[in-house]
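Just so we're aligned, residue 1 is where the sequence shown starts under full-length UniProt numbering, counting upward by one. Note that the Cβ used here is the ideal one computed from N, Cα and C, for glycine as well. Since the structure comes first, as structure tokens, the remarks are kept for the end.
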Amino acid sequence: MHEEMRRLTAAFAGDWAGTDAVQPSPYGPGGPGKARMTVRPALNGHHLVLDYVFDRGEAGAFTAHGVLTWDPDVAVHLLFWFDDMGYVPATPAPGLWGPVEGAEEPGAEGYTFIRTSPRGRARHRYWWPVPDHMETAIDRSTDGGLTWTPFLKGTYRRQG
């Protein structure tokens with residue numbers, strides 16, 4: 001297994017529980033909710049399978065399925081993202097480990113993936129301020145990534 005895949009697995013693998021808060025958007029009203037993320041190694045540890053549920057009670061739930069991996073041919077991490085909105089990703093989201101823009105903790109490092117679709121771009125950021133505590137943020141851009149609008153912010157604890 002490649003060293004970058006080992007780092008990805010150490011950071012993400014496990015059962016995570018926490019809270020997310022989504023901002024109002026063209027996709028629906030904003031608000032907080034409980035979130036769960038389960039991330040498991042698959043296919044001899046070459047990939048991670050991610051299952052996500054964001055439960056907002058009476059406001060409904062949002063679910064997603066992702067695959068995280070490392071592509072040694074181009075030296076980049078990839079996020080394949082599918083969710084219950086039904087859009088099919090044209091390409092995986094490339095990402096790298098490094099400084100996390102907008103993190104509240106100075107010098108925070110983590111993963112940033114940028115998904116591109118006909119509806120714009122989504123920047124997924126994941127970082128770990130302390131062991132077993134993950135912060136997440138998703139921002140949207142409709143101008144090719146020149147400006148970003150906060151869409152979702154979450155905080156999680158690894159379970160077990």
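For a quick check, are the C-beta atoms of Arg7 and Trp127 less than 8 angstroms apart?
Sequence index remark: in the sequence shown, residue 7 carries index 7 (1-based). Sequence index remark: in the sequence shown, residue 127 carries index 127 (1-based). Not closer than 8 angstroms, so no.
In this structure, does DSSP put Glu105 in helix, strand or coil?
For this step, residue 105 is matched to residue 105 along the sequence shown. Here Glu105 sits in coil by DSSP.
What number of angstroms, rounded off, separates the C-alpha of Gly45 from the C-alpha of Gly86?
Numbered from its first residue, the sequence shown carries residue 45 at position 45. Numbered from its first residue, the sequence shown carries residue 86 at position 86. Their Cα atoms are separated by approximately 28 angstroms.
How many Å lie between Asp20 and Glu4 at the Cα?
Here residue 20 corresponds to residue number 20 of the sequence shown, with the count starting at 1. Here residue 4 corresponds to residue number 4 of the sequence shown, with the count starting at 1. When rounded, the distance between both Cα atoms is 27 angstroms.
Residue closest to residue 170, alpha-carbon to alpha-carbon, out of His65, Phe80, Thr136
The structure shown does not extend to residue 170, since the chain is modelled only from 1 to 160, so the question has no answer here.
Where does Ala75 fall in DSSP's three states?
Translated into positions along the sequence shown, residue 75 becomes position 75. Coil.
Verify whether the separation of the beta carbon atoms of Glu135 and Thr155 is less than 8 angstroms.
If you number the sequence shown from 1, residue 135 lands on position 135. If you number the sequence shown from 1, residue 155 lands on position 155. The answer is yes: Cβ separation under 8 angstroms.
Answer yes or no: do Ala75 and Phe54 have a C-beta to C-beta separation smaller than 8 angstroms?
Counting from one through the sequence shown, the residue named residue 75 turns up at place 75. Counting from one through the sequence shown, the residue named residue 54 turns up at place 54. No, the Cβ-Cβ distance between Ala75 and Phe54 is not below 8 angstroms.
Compute the beta-carbon to beta-carbon distance between Arg40 and Ala13, rounded to the nearest angstrom, for a pair I have assumed lies under 8 angstroms.
Within the sequence shown, numbered from 1, the residue matching residue 40 stands at position 40. Within the sequence shown, numbered from 1, the residue matching residue 13 stands at position 13. That pair is a contact at about 7 angstroms.
One question on the structure: do Ala137 and Gly95 come within less than 8 angstroms of each other, judged by their Cβ atoms?
By 1-based counting over the sequence shown, the position of residue 137 is 137. By 1-based counting over the sequence shown, the position of residue 95 is 95. Going by C-beta atoms, Ala137 is not nearer than 8 angstroms to Gly95.
So, is Arg125 buried or exposed, given that buried needs 16 or more other C-beta atoms within 10 angstroms?
Position 125 of the sequence shown holds residue 125. The residue in question, Arg125, is buried, as its Cβ has 16 or more Cβ neighbours within 10 Å.
Mind checking which residues open and close the beta strand (DSSP E) that includes Thr149?
As a first step, residue 149 is located in the sequence shown; it is residue number 149 there, counting from the start. Where Thr149 is concerned, the enclosing beta strand (DSSP E) stretches over 149-158.
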